[in-house]
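Step one of this worksheet: look at the structure below.
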Amino acid sequence: MIVEGAVLAIPRANIDTDQIIPAHYLTRIDEAGMGEHLFEGLPEGGRYLSDHPDATILVTRENFGCGSSREHAAWALKDRGFRAVIAPSFARIFHENAYNNGVVPIILPAQTVESLLGARRIAIDVANETLSADGGAPIAFALDPLRKQFVLGGGFLGYLAAKIPQVRAWEAARG
Amino acid sequence: MPRSLFAKVWDEHVVEELAGGNALIFVDLVVAHEITTPPGAIAIEKQFDDRLYAPERIVAMIDHVAPAKDAATALQAHVVRTWAKRQGIRFHDIGDNGICHVLVPERGYVAPGMTVACGDSHTCTLGAFGAFALGIGTTAQAGAMLAGCLVLQRPKVMNVELAGTLAPDATAKDLVLTVIKTIGFKGGTGYVLEFTGSAVRALSMEQRMTLCNMAIEAGATSGIVAADATTAAFLAATPGNPTGWKALQADPGAHYDAHVVIDASAVRPVISWGINPGENAPIDGVVPLDAPAESLSYMGLEPGQPMTSIAIDQAFIGSCTNSRIGDLRLAAEVLRGRKVRVPTIITPGSQLVRRQAEREGLHDIFQDAGALWTHSSCGPCLGMSMGVLAAGTRCVSSSNRNFPGRMGDGGRVHLAAPAVVAASAVLGRLAAPAEIVALEAVPA
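Residue numbers (this note's numbering), protein chains in the order written: chain A, 1 to 175; chain B, 176 to 619.
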């Protein structure tokens, strides 16, 4: 799977999920339309998006997605067309939510991320775990080997559904 | 190898070790509320014939927006209500409800050694009972409801040893804000914080919940406290009165991936001045001289400014952090016979807390002081309803997050313990309760 596209760089650390999508948009029973409100809680968030309307790859600084567990943050990115987020670190819950929604969370050293903040386009080979910025030399990264399968293959819920007999057997043995 | 408490709870729930340090972890209890549950419940209905792993392992309630504020939130509540009824799931509707992290323990749904998951980051609150409790996304919650388990990376464990004795004017809120300041606002990422030490043993269950509640604010997967006689006494007094649980303890010399010691006796009452909970200072201190420009700019503060010079526009006592009966009693002690100078909203954590407060007459004290006494809800903590801030206005709050925009676009939040919020409401600026007493002692 190759993910290729224009870059949106937001050179800020600690962008929390309230900034990605404020709580007053969490009032739907489905995921639809979240992208319209992406980064509304971020100072100048709207400007970032209007300057890069076609961006599909987000490059940002450490601790992205901290705070609230709201999966709406991943839905909003996905709905707006984002396929990957590149950062030095992610908060745990967002990291899981991103995988579960096919938004590939890529962790790279801070120095590498700094250099990617200036990239125009990035091509990501998800299966082989390499990326290239503006046609440059390949940069290797490591994905969670299990969660990568949720992105490349069937979804997370299908994976878990297949485990139900095993879970029931485990529970019965536990007593 | 001698094991931590967390390691024991984890090991007892591993169904299968998976690639990449992941494991399939059995979930004893799923907590489901109206904001994050509906898409998952609907996905299971559409894709998996509405079959849940075990409806009896789920408890559901209306907590965030109670009652609904508009047609959209009414639909969220309706979906959870009809789903719970159809599935035979224990359900707490408005009137009998509360914030999930307050309601679940007070009803006795959680017990030591359990695993608990909920689509809400503050689920770590329940670690106070020696459970492994964590916040997850909607899809992961759907997975737990569908297949009874989670896929998790095994977290590292940090022994957060709180030594000594907390001073009489310091609370669990001051303790946890100090922990976050010490290890850093992302210093707990990838860890479970195992709280140990004499100061933890001395805390009530309500205070342990406040401590564990904000583990997520250091980025941690959860917090956990070993069960003891305090835990047993609390649970025995709940309607659920869970029995048959084991009080797991860390082995002597247990392995921890990190160890931090904090002298609890040195913890002072603190208030946050910045835009994450780690940015806090003693109430009698100043905004730090080296505070980041971004934090100062958002909060409208100057470095070196005395904390007690910061005027406020609103006060809020509530949220899953500090809305239990003990919190309300402490606030009432300050507000008794006094008047608030700014709009003050007091929101109990559950309807049971509300009724207990009213039996004790606390609602009269609050309303005599000029505060608004509400029913239970998450309210303005997350900028959703019942007291959202206007841009540029400043609120002192007993809640857990002071991120930009958290309580309303452009709103400024100062986090503090309930008695400090009450004292600040009385003086119209950030203040410690002792300051009011001192001011009143001065003849006019």
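Ideal Cβ placement from N, Cα and C applies to all residues, glycine included.
No experiment lies behind these values; they were computed from the predicted model shown.
Exercise. Is A:Lys-78 close to chain C, meaning its C-beta is less than 8 angstroms from at least one C-beta of that chain?
Worked result: No chain C is present in this structure, whose protein chains are A and B.
Exercise. Taking only runs of the beta strand (DSSP E) that begin and end inside the stretch 178-208 of chain B, which ones reach a length of at least 3 residues, in chain order?
Worked result: Fully enclosed beta strand (DSSP E) runs of 3 or longer: 189-192, 197-201, 204-208.
Problem set entry | Own chain residues within Cβ distance below 6 angstroms of B:Ala-286, not counting five before or after | As a working note, residue 286 of chain B is residue 111 in the second sequence. Cβ neighbours of B:Ala-286 within its own chain (closer than 6 angstroms, five residues either side excluded): Pro-417, Trp-420.
Exercise. Helix, strand or coil for B:Arg-569 per DSSP?
Worked result: Taking the first residue of the second sequence as 1, we reach residue 569 of chain B at position 394. B:Arg-569 falls in the strand class under three-state DSSP.
Exercise. Where does B:Pro-579 fall in DSSP's three states?
Worked result: Taking the second sequence and counting its residues from 1, one reaches residue 579 of chain B at position 404. Coil.
Problem set entry | the stretch 515-534 of chain B contacting the stretch 441-460 of chain B, beta-carbon criterion three pairs below 8 angstroms | no
Exercise. Between the beta-carbon of A:Ile-139 and the beta-carbon of A:Leu-131, is there less than 8 angstroms?
Worked result: Along the first sequence, one-based indexing puts residue 139 of chain A at 139. Along the first sequence, one-based indexing puts residue 131 of chain A at 131. A contact, by the Cβ cut-off of 8 angstroms.
For this session: Measure the alpha-carbon distance for B:Gly-415 versus B:Leu-368 and round it to whole angstroms.
Result: For the purposes of this step, residue 415 of chain B is identified with residue 240 of the second sequence, where counting begins at 1. For the purposes of this step, residue 368 of chain B is identified with residue 193 of the second sequence, where counting begins at 1. Roughly 27 angstroms between the two C-alpha positions.
Problem set entry | CB contact check: B:Asp-295 to chain A, cutoff 8 angstroms | In the second sequence, the residue the question calls residue 295 of chain B occupies position 120. With 8 angstroms as the cut-off, B:Asp-295 counts as an interface residue toward chain A.
Problem set entry | Within chain B, partners of A:Ile-164 - CB distance below 8 angstroms | Residue numbering aside, residue 164 of chain A sits at position 164 when the first sequence is read from its first letter. Correct list: Tyr-228, Leu-321, Ala-322, Gly-323.
For this session: Measure the CB-CB distance between B:Met-389 and B:Pro-452 and report whether it falls below 8 angstroms.
Result: Here residue 389 of chain B is taken as the residue at index 214 of the second sequence, counted from 1. Here residue 452 of chain B is taken as the residue at index 277 of the second sequence, counted from 1. In this structure, B:Pro-452 lies closer than 8 angstroms to B:Met-389 by Cβ.
For this session: Kindly list, in the order they appear in chain B, the residues whose Cβ is closer than 7 angstroms to that of A:Val-113.
Result: Looking up residue 113 of chain A in the first sequence gives position 113. Within chain B, no C-beta atom comes less than 7 angstroms from the C-beta of A:Val-113; the nearest is roughly 15 angstroms away.
Exercise. Taking the DSSP output, what are the residues bridged to B:Arg-587?
Worked result: Here residue 587 of chain B refers to the residue found at position 412 when the second sequence is read from its first residue. DSSP, once it has assigned bridges, lists B:Arg-569 as partnering B:Arg-587.
Exercise. Does DSSP classify B:Gln-480 as helix, strand or coil?
Worked result: Reading the second sequence from its first residue, position 305 is the one you call residue 480 of chain B. B:Gln-480 falls in the coil class under three-state DSSP.
For this session: Could you tell me which of B:Ile-210, B:Ala-216, B:Thr-290, B:Gly-283 sits nearest to B:Val-184, measuring between CA atoms?
Result: Position 9 of the second sequence holds residue 184 of chain B. When B:Ile-210, B:Ala-216, B:Thr-290, B:Gly-283 are compared, the shortest CA-CA separation from B:Val-184 is found for B:Thr-290.
Exercise. Does the count of Cβ pairs from the stretch 205-214 of chain B and the stretch 234-249 of chain B closer than 8 angstroms reach three?
Worked result: yes
Problem set entry | Contacting residues, own chain, Cβ-Cβ under 7 angstroms from B:Asn-197 (five flanking each side not counted) | In the second sequence, the residue the question calls residue 197 of chain B occupies position 22. Cβ neighbours of B:Asn-197 beyond the five flanking positions: Val-326, Leu-327, Gln-328.
Exercise. Cα separation between B:Pro-343 and B:Val-442?
Worked result: On the second sequence, residue 343 of chain B is found 168 positions in, with the first residue counted as 1. On the second sequence, residue 442 of chain B is found 267 positions in, with the first residue counted as 1. Each residue's Cα considered, the two are about 10 angstroms apart.
Exercise. For B:Lys-221, is the classification buried or exposed, using 16 other Cβ atoms within 10 angstroms of its Cβ as the cut-off for buried?
Worked result: Locating residue 221 of chain B in the second sequence gives position 46, counting from the first residue. Answer is exposed; the Cβ neighbour count stays below 16.
Exercise. What residues in its chain sit with their C-beta under 7 angstroms from that of B:Lys-244, if we drop five residues either side in the sequence?
Worked result: Taking the first residue of the second sequence as position 1, residue 244 of chain B is located at position 69. Contacts found: Ser-560.
Exercise. In chain order, what residues of the same chain have a beta carbon less than 7 angstroms from the beta carbon of B:Cys-275, not counting five sequence neighbours either side?
Worked result: Translated into positions along the second sequence, residue 275 of chain B becomes position 100. Same-chain partners within the cutoff: Val-206, His-208, Met-236, Asp-238, Cys-293, Asp-295.
For this session: Please confirm if the stretch 564-576 of chain B is in contact with the stretch 478-489 of chain B, defined as three or more CB-CB distances below 8 angstroms between the two stretches.
Result: yes
For this session: Name the residue from B:Gly-312, B:Ser-599, B:Phe-360 whose alpha carbon lies nearest to the alpha carbon of B:Phe-578.
Result: Within the second sequence, the letter at position 403 stands for residue 578 of chain B. Nearest of B:Gly-312, B:Ser-599, B:Phe-360 to B:Phe-578, Cα basis: B:Phe-360.
Exercise. Starting from B:Gln-328 and walking both ways along the beta strand (DSSP E), at which residues does that stretch end?
Worked result: As a working mapping, residue 328 of chain B is identified with position 153 in the second sequence. 324-328 is the span of the beta strand (DSSP E), which, as asked, contains B:Gln-328.
Problem set entry | Neighbourhood of A:Ala-119 by C-beta distance below 6 angstroms, restricted to the same chain and skipping five residues each side | Taking the first residue of the first sequence as 1, we reach residue 119 of chain A at position 119. Excluding positions up to five away in sequence, the list reads Val-7, Ala-133, Asp-134.
For this session: Name, going along the chain, the residues of the stretch 358-376 of chain B whose beta-carbon falls closer than 8 angstroms to a beta-carbon of chain A.
Result: Per Cβ criterion, the list reads Phe-360, Lys-361, Thr-364, Gly-365.
For this session: Mind checking who B:Ala-431 pairs with in its DSSP beta bridge?
Result: Start at 1 with the first residue of the second sequence, and residue 431 of chain B comes out as number 256. With the sequence shown as reference, residue 431 of chain B is identified as Tyr, and Ala is not the correct amino acid for it. Beta-bridge pairing links B:Tyr-431 to no other residue.
For this session: Name, please, each residue of chain B whose Cβ falls closer than 8 angstroms to the Cβ of A:Pro-22.
Result: Locating residue 22 of chain A in the first sequence gives position 22, where the first residue counts as 1. Under the 8 angstroms cutoff, chain B gives Gly-558, Gly-580, Asp-584.
Exercise. In this structure, does DSSP put A:Pro-53 in helix, strand or coil?
Worked result: Position 53 of the first sequence, counted from the first residue, corresponds to residue 53 of chain A. Correct three-state label for A:Pro-53: coil.
Exercise. From A:Ser-50 to A:Leu-38, what distance separates their C-alpha atoms?
Worked result: Taking the first sequence and counting its residues from 1, the one referred to as residue 50 of chain A is at position 50. Taking the first sequence and counting its residues from 1, the one referred to as residue 38 of chain A is at position 38. When rounded, the distance between both Cα atoms is 11 angstroms.
Exercise. How about B:Asn-388: is its C-beta nearer than 8 angstroms to some C-beta of chain A?
Worked result: Taking the second sequence and counting its residues from 1, the one referred to as residue 388 of chain B is at position 213. Judged by the 8 angstroms Cβ criterion, B:Asn-388 is not in contact with chain A.
Exercise. For B:Thr-298 versus B:Leu-309, is the C-beta spacing smaller than 8 angstroms?
Worked result: Here residue 298 of chain B refers to the residue found at position 123 of the second sequence. Here residue 309 of chain B refers to the residue found at position 134 of the second sequence. Yes.
Exercise. Start and end of the beta strand (DSSP E) containing B:Ala-425?
Worked result: Within the second sequence, residue 425 of chain B is the residue found at index 250, counting from 1. Premise fails: B:Ala-425 is in no beta strand (DSSP E) and is neither H nor E.
For this session: Can you tell me which of the three DSSP states A:Tyr-99 falls into?
Result: Stepping through the first sequence from its first residue, residue 99 of chain A is reached at position 99. In this structure, A:Tyr-99 counts as helix in the three-state DSSP scheme.
Exercise. Hey, is the stretch 251-268 of chain B in contact with the stretch 375-383 of chain B, meaning 3+ C-beta pairs nearer than 8 angstroms?
Worked result: no
Problem set entry | Which listed residue (A:Glu-4, A:Pro-22, A:Ile-2, A:Ile-15) has its alpha carbon closest to that of B:Gly-580 | Sequence index remark: in the second sequence, residue 580 of chain B carries index 405 (1-based). Comparing Cα positions, the closest option is A:Pro-22.
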